[in-house]
Amino acid sequence: DTAVSQTPKYLVTQMGNDKSIKCEQNLGHDTMYWYKQDSKKFLKIMFSYNNKELIINETVPNRFSPKSPDKAHLNLHINSLELGDSAVYFCASRLERGGYEQYFGPGTRLTVT
Amino acid sequence: QKEVEQNSGPLSVPEGAIASLNCTYSDRGSQSFFWYRQYSGKSPELIMSIYSNGDKEDGRFTAQLNKASQYVSLLIRDSQPSDSATYLCAVNRRIKAAGNKLTFGGGTRVLVKP
């Protein structure tokens, strides 16, 4: 009965490959986020979706493409992976009309070799 | 100047003592403030939220907010070895047509020594 779940937990792949990460929340939230945490542990927002609509798109390479099929799901597809993409990617969610608290998934550790 | 700044630490605290963590932010339009705890290899876990000036207490945790000084702090009383983690300060700002944006500090690593 995990609140925010992500798959896969670990992802090891070679440069140039294309990969996807999936996120699902069962909290009834309507806003979902992707964050990237680099090796220095700095956590930075990448994208935000509200009711399947993209509302925050930070300065992220076009190789990253988020997609939200419905309010409970948010996916992240990454094309032509580069070494610098190695990081932990966290999904988070919140209720737009609730408080501003965000709840995080367990993370996906991506390693590009 | 970073939007949200924290001392990276490590902050070494004897067991049973009070750990005091500080955070400053640059955007005066910030509306709500959060402390997350992150154990190594785990995801951030929300431990405190504070919206108005003053103190907010929850168990052994007290958050303090001073909007005039753009300063947020977290006190951990009776520190336990299980409190050893990285504590992330996060600041929320409402952006028109773009919803709410949460900006994180770099985190303060806390080590509680038995």
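Protein chains in written order, with this note's numbering: chain A, 1 to 113; chain B, 114 to 227.
We put the beta carbon where it would ideally sit given N, CA and C, even for glycine.
Every value quoted in this text rests on a predicted model; they were computed, and no experiment measured them.
- Put simply, the CB of Asn135 (chain B) is far from chain A, with every gap to its CB atoms at 7 Å or more.
- If you draw a straight line from the Cα of Pro66 (chain A) to the Cα of Val60 (chain A), it is about 11 Å long.
- Residue environment for Ser165 (chain B): exposed (fewer than 16 other C-beta atoms within 10 angstroms of its C-beta).
- Within its own chain, the residues whose Cβ lies closer than 7 Å to the Cβ of Gln37 (chain A), once the five positions on either side in sequence are excluded, are Leu43, Ala87, Val88 and Phe90, listed in chain order.
- Closest by C-alpha distance to Leu224 (chain B), out of B:Ser153, B:Ser182, B:Val126 and B:Ala181, is B:Val126.
- Distance from Ser186 (chain B) to Leu124 (chain B) at the Cβ level is roughly 12 Å; contact not present, criterion being Cβ atoms closer than 8 Å.
- Note: Phe47 (chain A) is bridge-paired with A:Trp34 and A:Asn57 in the DSSP secondary-structure output.
- Chain order gives the chain A residues near Gly219 (chain B) as Lys40, Lys41, Phe42 and Leu43, where near means a beta carbon separation below 9 Å.
- Per the Cβ contact rule, the segment 94 to 102 of chain A is in contact with the segment 21 to 33 of chain A (3 or more Cβ pairs under 8 Å).
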